[in-house]
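Take a look at the structure set out below.
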Amino acid sequence: MIGLVVVSHSARLAEGVCELAGQMAQGKLRLAPAGGLADGALGTDAFRVREAIEAVYAEDGVLILMDLGSAVLSAETALELLDEGKRSRVRLCSAPLVEGAVAAAGLAAAGAGLEEILREAHAAHSAKTAQLGSPEEGPWEAEREVAVSNRLGLHARPAAQLVRLAREFAPGATVANLTRGAGPVPAGSITGLLGLGARHGDRLRIRAADPAAAAKLAAFIESGCGEAEQPPAPPAAAVRQPPEGHLAGIPASEGVAVGPLFRFRPPAAAVPARKAEDGKAEWERLAAAIRGAVEETRTLAAWATKNAGADEAGIFDAQALSLEDAELTTAVSAGVLQEGLSAEQALKRETDAFTARLRALDDPYLRARAADVADVAERVLLRLTGMSEAPAIPGEPCILSARDLAPSQVRDMDPRLVLGLCLESGSASSHSVILARATGIPAVVGLGPRLSGAADGTTVALDGAQGVVWISPTPEECTRIEERRRAWLRARREAEAIRDKPAVTRDGKRIRVVANISGVAEAKEAVESGAEGVGVLRTEFLFLGRPAAPTEQEQLAAYRAIAESLQRRPLIIRTLDVGGDKALPYLQAEPESNPFLGLRGLRLTLARTDLFLTQVRAILRTAAEFPVGLLLPMVSSVDELRQARALIREAGAALEREARDYAREIRAGVMIEVPAAAAVADRLAGEADFLSIGTNDLIQYIMAADRTNARVASIADPFQPAVLRTIRQVIEAGRSHGIEVGLCGELAAEPMASPLLLGFGLEEFSVSAHFIPGLKRALSRWSMAEAEALAREALDLDTSTAVRSLLADALRRAG
Amino acid sequence: MAVDRQAVLAWLESLHRVYAENRDFLTELDSAIGDADHGINMDRGFSAVKAAMDADAPPGLGPVFQTVANVLIRTVGGAAGPLYGTFFLRAAAACGEQPELTPAGVVALFQAGVEGVRQRGKAEPGDKTMLDALVPAAAAMRQELNGNGSLEQILQAGAAAAEAGMLSTIPMQARKGRASYLGPRSVGHQDPGATSAWLLVRAAAAAWLGKTE
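Heads up: the sequence lines are chains A and B, in that order.
Just so it is clear: in the first sequence, position 354 is 354 by this note's numbering, and no numbers are missing.
Numbers in this note's numbering are just positions in the second sequence, counted from 1, shifted up by 1000.
Below, the structure is given as structure tokens:
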């Protein structure tokens, strides 16, 4: 009779299994546990295993059952420690520990031989699978062959399903295409599976360590990988079809437009030909971009599941899987970490190689998948490069559709050529959309991929105020749309007519309307649009995209040029407002997991006083000649204001010593853009010369919602009661200390918000130059009495929806 | 130039020091992608080796390596125990009755040891394991030997190849062991096993070339 050894990390488990097995053999079998380490710790010790083998050794042989991991390695090692003569009579059994031991004991007691027991013990858990169900049948082989049943072959969607299954059940499984001699590739690799070029009827060979897993994978492929119904149409039909009729999106920029569709295909993102200086940091940057793109792709997939059906969603699903693919990430990271390639170069090289492999395949459907991979790679590249390329717009007027656009791309658009914008992603408050509004381009965003299949030249109409897009509208619809467009254009012209008149409420209260700018060109535009001054000069443009910080002289020249073009109008210069998310090489910022809550704005310049002092010196020198104030961004406590004041005095003292011209007194204001600053606005107002409410960030911080994340963007609604209360409280704090309070977020330009802000007592609105004529017109509609009544009523409401509907009604009544 | 019993004992002595010094480093590497015990395990194993050698070092190279293997198998715990244990078991077999190792003997020792690890772990280079350091090291040593390289050249080539191999694990996605559960998150981390393997080879080069570690 054979002997039996039970190896486990746990001594108690090994003994317990021996007890169970011994009962089967009614004391006839020699059994030995080999569990744990000598000192009683969990673990396995090959010598213990050898001792157990020696203890039960018989000429009939010894069978060893193990739990897992190092138990297997230790059992194998124990064999090596044995005499060669004995070794040939010992077998390791891969059966599950308990079932295998019990079955082996029973068989041994019945007089079965070693090889027979080994074979039968393998099948020991079939009783359990018979009871509980398993797709498994037939011999326990870890290799299976199946034919591809999917009519379109193992394309992206079924391959993605197979990857999911393989990752769950058979991490080590491989698949080879026997018909085409491709592979084997890991079953968990989407790029590998697609690279097999498996077409309908091709024979695939699956190998897995676990026979049940191999069988499961085979059965899954045979069943069509979860595609219950085979697509009846030839591959061409799998191309996405645009839906008929109209689409609903998020209203983003007011206006009506109709014209031929032009789909913006981003030019291949620029791949900088630079070496990465710090491979590790470069890989982190790339990994973050990949994670972001995966998240974005998954969002698109979820969206598509709900709105466009499983077919569409499957493509996004497969795209996300390609980005997480082990083969691809290893190849890409090797490029970055070892060859010193930039993230862009490494990603591009490897995804190009993969798409080239796909394009070389026989199957037209799989060849078409190369575009999906290129597409998702582009999504990562755009995250890395920041979407800087300007779209090549045709020379004729058109409606532009795109996945998303960078602010720089929108800024350069000519509203005479780009009549309207349709964006797949984004929210109504992204910077691109703000710019579209500023430029006067109607826009609907958050449309999802539904427009992506429509051919260029298709007539498309949109209403940016309602968030509706029509594809191939009927002639009657066209007539109605054209009419509305004319009305919209008329209203725009009227607004421009009152541009140069001061903003006055109906009952005669003067309101200051000033501009937000970031450069000389915008300063000129502000003057042309009728701005009474500049509420915020964002100085980041001087600091971005350069290897070293701008010198005092450079800054002085820029501030002087801007102040000059304002022709004695007041200018508020905001000090540098960047954070860890912006790559300023000379900042050497530590990567932050949450830059939004990190070292940004004044926090950063207080940590880098060299930058701050240089900038303040340039501002103080400009202020010697022009009416200039200084604004501190991202203040969250009185203490920070005091530190900044001390540094401003220090800069002044230095200029004094150097006998330069500078402003001995400068108005210093504080941005109120974090809830903490709003909460202590009364204290800040006691020490600052003015307050400026930055609603764009303030709303996001109050609501804890990212307005560029389409899934929570609606939470970041400026009409939320929490936001309105905060704004009013800040305005009150300023008024009670007798200092000026301005508001410089995009909320200032929102016509619906005008009466509310007037009613709160706001006296300075700071907006993009393009908004100024429209804002003046909107302000002139109201009397203070009306506005104050409306503000009181709004503050009494519980939801942003209720506030919006109150304001919409009031706006309608006001005409 | 040859490697005698005294040189082997010096190597083992230095390994004890090396793994003690790098205990936290290895554990830190392992905490990124494993169960944070590799440094502790290696230190425990080679401390036990040193104790065994101090107490009663056997005569002859083969018995010395056999004892090292036994101690490691008993004391390391975790997969490194049987893996490094197998390395020294095979090393012991490769030494046989030789009183000292010629350059060819040194290469044979490493090749046998590495082959043992490969068989035991059922892993291959590229899986992000100690084999990524060991396999290139053994190959480089063999190549130097075939080119009539000196013992010094052989050992230096081995150490350099082990180091390069260790660094090559950084971009790899693990396919064996606990790190393989992490999938793409294992990328960007140096493999602790490959690192302890490099330390092993480097210590041999240092000890046998008369340099101190």
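Glycine is no exception: its CB is placed at the ideal position from the N, C-alpha and C atoms.
- [ ] Whole angstroms is fine: what's the gap from Val445 (chain A)'s alpha carbon to Ser401 (chain A)'s?
- [x] Here the C-alpha atom of Val445 (chain A) lies approximately 10 Å from the C-alpha atom of Ser401 (chain A).
- [ ] Out of B:Ser1047, B:Ala1205, B:Arg1023, B:Gly1039, state which residue places its alpha-carbon closest to the alpha-carbon of Leu1141 (chain B).
- [x] For the sequence presented, residue 1141 (chain B) should be read as Met rather than Leu. Among B:Ser1047, B:Ala1205, B:Arg1023, B:Gly1039, the Cα nearest to that of Met1141 (chain B) is on B:Ala1205.
TODO: Ignore the nearest five residues each way along the sequence and tell me which others in Gly16 (chain A)'s own chain have a CB closer than 6 Å to its CB.
DONE: none
TODO: Mind listing the chain A neighbours of Met981 (chain B)? Cutoff is C-beta to C-beta under 7 Å, in chain order.
DONE: Residue numbering for chain B in the displayed model covers 1001 to 1213; residue 981 (chain B) lies beyond these limits and cannot be assessed.
Task: Sub-8 Å separation of Ile739 (chain A) and Asp689 (chain A) beta-carbons - done: yes
Task: Residues of its chain near Ala733 (chain A), where Cβ-Cβ distance is below 6 Å and the 5 sequence neighbours each way are ignored - done: Ala681, Asp682, Ala685
Task: Close Cβ partners of Leu790 (chain A) (< 6 Å) along its chain, the five nearest in sequence each way excluded - done: Pro755, Gly759, Ala810
- [ ] Tell me whether the beta-carbon of Ile471 (chain A) lies closer than 8 Å to the beta-carbon of Ala454 (chain A).
- [x] yes
Task: Span separating the alpha-carbon of Gly774 (chain A) from that of Glu496 (chain A) - done: 7 Å
Open item on the list: Helix, strand or coil for Ser8 (chain A)? Go by DSSP, reduced to three states.
Closed with: strand
TODO: Please list the partners that Asp1089 (chain B) has in chain A, where partner means a Cβ-to-Cβ separation under 7 Å.
DONE: Reading the sequence as shown, one finds Leu at residue 1089 (chain B) and not Asp. Within 7 Å Cβ-Cβ: Glu80.
TODO: Mind checking which residues open and close the alpha helix (DSSP H) that includes Thr77 (chain A)?
DONE: In the DSSP assignment, Thr77 (chain A) falls within the alpha helix (DSSP H) that extends over 70–81.
Task: Supposed contact pair Trp1198 (chain B) and Leu1155 (chain B) - C-beta distance, whole angstroms, cut 8 Å - done: Not really, about 13 Å apart at Cβ, beyond 8 Å.
Open item on the list: Quick check on Glu764 (chain A): buried or exposed, where buried means 16 or more other Cβ atoms within 10 Å of its Cβ?
Closed with: Result: buried.
Task: Through-space distance from Ala1139 (chain B) to Leu1101 (chain B), alpha-carbon basis - done: 18 Å
Task: Where the alpha helix (DSSP H) containing Asn709 (chain A) begins and where it ends - done: Segment: none, Asn709 (chain A) is in no alpha helix (DSSP H) and carries neither H nor E.
Task: Closer than 8 Å to chain B by CB, Thr799 (chain A) - done: no
Open item on the list: Please list, in chain order, the residues of the region 59–93 of chain A that have any C-beta partner in chain B closer than 8 Å.
Closed with: Gly69, Ser70, Leu73, Ser74, Glu76, Thr77, Glu80, Leu81
Open item on the list: Determine, for Phe47 (chain A), whether the minimum Cβ-Cβ distance to residues of chain B falls below 8 Å.
Closed with: yes
Task: Boundaries of the beta strand (DSSP E) in which Phe169 (chain A) is found, first to last residue - done: Careful: Phe169 (chain A) lies outside any beta strand (DSSP E), inside the alpha helix (DSSP H) at 156–169.
- [ ] Could you tell me whether the Cβ atoms of Ala318 (chain A) and Arg205 (chain A) are closer together than 8 Å?
- [x] The answer is no: Cβ separation not under 8 Å.
Task: Exposure of Ser322 (chain A), with buried meaning 16 or more beta-carbon neighbours within 10 Å - done: buried
TODO: Please classify Ile511 (chain A): does DSSP put it in a helix, a strand, or coil?
DONE: Note: Ile511 (chain A) maps to strand in three-state DSSP.
Task: Ser736 (chain A): contacting residues in chain B (beta-carbon distance under 8 Å) - done: What Ser736 (chain A) touches in chain B: nothing, since even the nearest Cβ is about 54 Å away.
TODO: Could you please tell me which residues of the region 9–42 of chain A, in chain order, have their CB closer than 9 Å to any CB of chain B?
DONE: Those would be Leu37, Ala38, Ala41, Leu42, in chain order.
Task: Proximal chain A residues relative to Ile957 (chain B), where beta-carbon distance stays under 7 Å - done: As displayed, chain B neither begins before 1001 nor continues past 1213, which places residue 957 (chain B) out of reach and without an answer.
Open item on the list: What residue range does the alpha helix (DSSP H) around Ala808 (chain A) cover?
Closed with: 800–814
Open item on the list: Below 8 Å on C-beta distance, what does Val1187 (chain B) contact in chain A?
Closed with: Trp283, Ala287, Thr329, Thr330, Ser333
- [ ] Tell me whether Trp1198 (chain B) sits in a helix, a strand or coil according to DSSP, three-state version.
- [x] helix
Task: CB-CB length for Leu556 (chain A) against Ala618 (chain A), believed under 8 Å - done: The Cβ separation is near 4 Å, so the contact holds.
Task: Runs of beta strand (DSSP E) wholly within the region 742–777 of chain A (minimum 3 residues, chain order) - done: 764–768
TODO: May I ask you to check if the CB of Pro1192 (chain B) is nearer than 7 Å to at least one heavy atom of the ligand NAD?
DONE: The model depicted lacks the ligand NAD and carries no ligand whatsoever.
Task: Under 8 Å from the C-beta of Leu337 (chain A): neighbouring residues of chain B - done: Ile1170, Pro1171, Gly1188
Task: Coarse secondary structure for Cys93 (chain A), derived from DSSP in three states - done: strand
- [ ] Leaving out five residues on either side along the sequence, give the residues of the same chain with a beta carbon under 6 Å from the beta carbon of Ser1180 (chain B).
- [x] Ala1174
Open item on the list: Going by DSSP, what residue range makes up the beta strand (DSSP E) through Thr459 (chain A)?
Closed with: 459–463
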